[in-house]
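Taken in order, these protein sequences are the chains called A and B. Letter by letter, the first sequence follows residues 2 to 78 of the working numbering. Letter by letter, the second sequence follows residues 2 to 154 of the working numbering. Backbone N, C-alpha and C fix where the C-beta goes; we use that ideal spot for every residue, glycine too. What follows is a set of notes on a single structure, which appears directly below.
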Amino acid sequence: MNITVKYFGVLAELTQCMEETIVFTKSTVIELLEVVYQKHPTLNGKNFKVALNNELVDMGTIVSEVEVALLPPFSGG
Amino acid sequence: MKTLIRMKNNKKKSVFIDGAISSAFIADSIAKHQTKTSIGAHNIFLGQVRADEVNGKKVSAIEYTTYEEMANKKFHEIREATFEKYNLTCMHIYHSIGNVNAGEICLFVFVSATRRKEVFPAIEFVVNEIKAQVPIFGKEVFEDESHQWKSNT
């Protein structure tokens with residue numbers, strides 16, 4: 002499955018990329034992140050959350066959407 | 002009637018404003034409520050960019066970016082939850098996107114009700130929810146053009 006991974010804030014800066022397509026053959030968020038970390042070792046140890054379908058999800062969630070967003074700590078307001 | 006107003010607000014309002022929110026915009030927003038004569042109390046929260054000092058360097062601006070699709074969904078949910086929780090006549094939320102200089106306004110929340118009792122807790126609820134739920138990211142730019150990423154506490 003082709004997944005569009007979007008990076009925001011400091012994560013976009015570290016990866017030097019706003020979004021990219023990742024070919025994903027496994028199932029959960031943590032497995033997707035393993036692929037992401039391999040492509041972008043600079044993300045290791047960084048604090049972020051993952052959103053699927055505009056909702057935050059945990060690491061064990063099955064990646065059912067084609068768009069996944071990596072979100073650093075919020076700082077609106 | 003109330004539902005109608007809410008739906009109208011939800012559909013028509015765009016939360017994000019390019020750059021700082023001007024005092025003229027805020028004044029105009031207040032003036033627009035003069036026709037809504039059932040309102041007896043307004044409450045307004047204004048978030049202003051602070052010139053924080055970090056290691057001897059001063060913040061000169063914050064550059065805001067967002068995951069817009071999720072942000073709009075979260076703003077919508079916050080609006081719904083607020084109307085559910087408090088007896089408000091109307092509410093408006095505006096948040097800056099892009100560059101906002103220190104001293105300028107980046108968040109404008111405006112709640113109105115028949116009586117004052119509702120508007121005080123309502124505004125605090127809305128502002129806290131925005132800070133916690135909405136994916137907005139602030140890059141604090143220093144006077145020497147270096148930067149750091151802000152994190153809400």
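Using a cut-off of 7 angstroms between C-beta atoms, extract the partners of residue i located in chain B.
i              : result
L72 of chain A : Y68 and P136
V11 of chain A : W150
Mark residue i as exposed unless 16 or more other C-beta atoms lie within 10 angstroms of its C-beta, in which case mark it buried.
i               : result
Q134 of chain B : buried
M71 of chain B  : buried
P136 of chain B : buried
G41 of chain B  : exposed
T4 of chain B   : In this prediction, T4 of chain B has a pLDDT of 46, which is less than 50 and means its spatial position is unreliable; nothing more can be read from the coordinates.
L47 of chain B  : exposed
I106 of chain B : buried
I63 of chain B  : buried
Residue range of the beta strand (DSSP E) that residue i falls in?
i               : result
L57 of chain A  : E56 to V58
F46 of chain B  : A42 to Q49
A123 of chain B : That residue, A123 of chain B, is in no beta strand (DSSP E); its alpha helix (DSSP H) goes R117 to Q134.
A70 of chain A  : E68 to L72
S61 of chain B  : K58 to T67
I need the DSSP call for residue i, collapsed to helix, strand or coil.
i               : result
L89 of chain B  : coil
V11 of chain A  : helix
H41 of chain A  : coil
Q149 of chain B : strand
V110 of chain B : strand
E21 of chain A  : strand
V16 of chain B  : coil
V72 of chain B  : The displayed chain sequence assigns Ala, not Val, to residue 72 of chain B. If DSSP states are grouped into helix, strand and coil, A72 of chain B belongs with the helices.
T16 of chain A  : helix
Measure from the alpha carbon of residue i to the alpha carbon of each residue in the options, then state which is nearest.
i               : options                         : result
L12 of chain A  : A:I4, A:N3, A:H41 and A:E32     : A:H41
V69 of chain A  : A:T16, A:E21 and A:N48          : A:E21
H77 of chain B  : B:E125, B:E64, B:I63 and B:I94  : B:I94
C91 of chain B  : B:V60, B:V142, B:K37 and B:F121 : B:K37
S65 of chain A  : A:T16, A:G78, A:K27 and A:F9    : A:K27
A103 of chain B : B:F17, B:A52 and B:D29          : B:A52
Between which two residues does the alpha helix (DSSP H) harbouring residue i extend?
i              : result
D29 of chain B : S24 to A32
For residue i, go through chain A and note every residue whose CB falls closer than 9 angstroms to its CB, in chain order.
i               : result
N153 of chain B : P74, F75, S76, G77 and G78
V128 of chain B : G78
Kindly list, in the order they appear in chain A, the residues whose Cβ is closer than 8 angstroms to that of residue i.
i               : result
L108 of chain B : G77 and G78
Can you name the residues of chain B whose CB is closer than 8 angstroms to the CB of residue i?
i              : result
N45 of chain A : Residues of chain B passing the Cβ test: none, with the nearest at roughly 17 angstroms.
Residues of chain B with CB under 9 angstroms from residue i, in chain order?
i             : result
N3 of chain A : Near N3 of chain A there are no residues of chain B at all, since even the closest Cβ is about 19 angstroms away, more than 9 angstroms.
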